[in-house]
Amino acid sequence: MAKHKGRVFEKWIFDAHSPLLGSAAVGDINKDGIPEVVFGTKKGMIHCLDHESKELWSFSTGKDIKSGDELFYDLEQLHAISSAPALADINNDGKLEVIVGTDDGMVYALSCTGEMLWEAKIGGAIKATPKVIDTNNDGNLDIIVTSTNKKLVVLNNEGKIIVSFKTSEGSEAAPGVLRGEKGKQSMIVFGLNDGIIHAINTQEKQLWTFKTGDRITAEPIFVKTNGEQLVIVGSWDGTLYALTDEGELKWK
Numbered sequence: 000m001a002k003h004k005g006r007v008f009e010k011w012i013f014d015a016h017s018p019l020l021g022s023a024a025v026g027d028i029n030k031d032g033i034p035e036v037v038f039g040t041k042k043g044m045i046h047c048l049d050h051e052s053k054e055l056w057s058f059s060t061g062k063d064i065k066s067g068d069e070l071f072y073d074l075e076q077l078h079a080i081s082s083a084p085a086l087a088d089i090n091n092d093g094k095l096e097v098i099v100g101t102d103d104g105m106v107y108a109l110s111c112t113g114e115m116l117w118e119a120k121i122g123g124a125i126k127a128t129p130k131v132i133d134t135n136n137d138g139n140l141d142i143i144v145t146s147t148n149k150k151l152v153v154l155n156n157e158g159k160i161i162v163s164f165k166t167s168e169g170s171e172a173a174p175g176v177l178r179g180e181k182g183k184q185s186m187i188v189f190g191l192n193d194g195i196i197h198a199i200n201t202q203e204k205q206l207w208t209f210k211t212g213d214r215i216t217a218e219p220i221f222v223k224t225n226g227e228q229l230v231i232v233g234s235w236d237g238t239l240y241a242l243t244d245e246g247e248l249k250w251k
């Protein structure tokens, strides 16, 4: 879309031949000075377009189904991508990689030219955009993934699991991360479909939990006010909660 004299008009259209369930990500992934558009589809295709809608590359996350098994699957939904890709330089090559989670529980890391660097099996359905951040202050980016299979997983930049934390219910919400200061560990905060907010550290230790009245599908945010660190989380119970970094209710 583009603006013209205060009005918005259509600039271009790209037909992906499949519904788009999540948002697109925009970034200069190949460092040519011009941003690209990257998005996934219900059929499990990842498309990368230039700023004029020309397709630069595509990648299929779909895997072959054994003969006869197709009767038991919704093939169009099986590999669906329900959230925006994450764009980050996870291998320190100066360019942005594309990290995507799918409804069949896979995480894919692709190069800026659409080549698969690695894949990781998480299980369940991944409904939220992976969070990419250096969780353990080792200078390398990690990938935090929530899924519906009742666990939160942290992958290193090579796709190996370094944290696997079991929960009471699945999650469709992206996690929030409060970076540790002065040698302290980072705190990962995320909500579940049963309304419980979990806070854990990077050693898989649970720091605290807080129960809301309904499921949580939004990413927590962190706000520092009057010297106090607050965790802000919205719930399907219609309430916005402000918690201290120790999990105590400040206000709602």
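Taking numbering that gives the first Met the number 0, the leading residue of the sequence shown gets 0, the next gets one more, and so forth.
We treat Cβ as the ideally placed atom computed from N, Cα and C, and that holds for glycine.
Nothing here was measured: the structure is a model prediction, and the numbers come from that model.
Check: Okay, do the segment 76 to 86 and the segment 98 to 105 touch, 3+ Cβ pairs below 8 Å being the bar?; Outcome: yes
Check: Identify every residue that forms a DSSP beta bridge with Asp163.; Outcome: Note that residue 163 corresponds to Ser in the displayed sequence, not to Asp. The partner list for Ser163 (beta bridge, DSSP) reads Val152.
Check: Identify whether Leu77 lies in helix, strand or coil by the three-state DSSP scheme.; Outcome: helix
Check: What does the Cβ neighbour count give for Thr201, buried or exposed, with the cut at 16 atoms within 10 Å?; Outcome: buried
Check: Beta-carbon within less than 7 Å of Gly39's beta-carbon, same chain only, minus the 5 sequence neighbours each way: which residues are those?; Outcome: Gly21, Ile45, Ile80, Pro84, Val99
Check: Within the same chain, show all residues whose beta-carbon is closer than 8 Å to that of Asp236, passing over the 5 residues directly before and after it, in chain order.; Outcome: Gly194, Thr211, Gly212, Asp213
Check: With distance defined between alpha-carbon atoms, name the residue in Lys42, His50, Glu51, Asp49 nearest to Phe58.; Outcome: Lys42
Check: Applying the criterion that 16 or more other CB atoms from any shown protein chain within 10 Å of the CB defines a buried residue, is Asn156 buried or exposed?; Outcome: buried
Check: Could you tell me the alpha carbon to alpha carbon distance between Ile161 and Pro18, rounded to whole angstroms?; Outcome: 34 Å
Check: Would you tell me roughly how many angstroms separate the C-alpha atoms of Thr224 and His197, rounded to the nearest one?; Outcome: 22 Å
Check: Are Leu151 and Asp141 touching if we call contact CB-CB under 8 Å?; Outcome: no
Check: Identify every residue that forms a DSSP beta bridge with Gln228.; Outcome: Lys223
Check: Using a Cβ-Cβ cutoff of less than 6 Å, which residues in the same chain neighbour Gly179 once the five nearest sequence positions on both sides are dropped?; Outcome: Ser185
Check: Helix, strand or coil for Arg178, going by three-state DSSP, please let me know.; Outcome: coil
Check: Under 8 Å Cβ to Cβ from Asp88, same chain only, skipping five residues before and after it: list those, please.; Outcome: Lys94, Leu95, Glu96, Leu140
Check: Which one of Ile132, Val222, Asp133, Ser163 has the shortest CA to CA distance from Ala119?; Outcome: Ser163
Check: Can you check DSSP and say which residues form a bridge with Leu86?; Outcome: Val97
Check: Given this structure, state the Cα-to-Cα distance separating Asp103 from Thr208, to the nearest angstrom.; Outcome: 28 Å
Check: Using the Cβ count rule (16 or more neighbours within 10 Å means buried), how would you classify Leu70?; Outcome: For Leu70, the pLDDT reaches just 45, beneath the cut-off of 50, and the residue's location in the model is therefore unreliable, leaving the point undetermined.
Check: For Ser52, which residues in the same chain have their Cβ closer than 6 Å to its Cβ, ignoring the five residues on either side in sequence?; Outcome: Trp11, Phe13
Check: How should Glu54 be labelled, buried or exposed, when 16 other C-beta atoms within 10 angstroms of its C-beta is the threshold for buried?; Outcome: exposed
Check: According to DSSP, is Lys30 part of a helix, a strand, or is it coil?; Outcome: coil
Check: Nearest-angstrom Cα distance between Val188 and Leu206?; Outcome: 10 Å
Check: Using CA atoms only, rank isn't needed, just tell me which of Gly61, Ile125, Gly246 is closest to Asn192.; Outcome: Ile125
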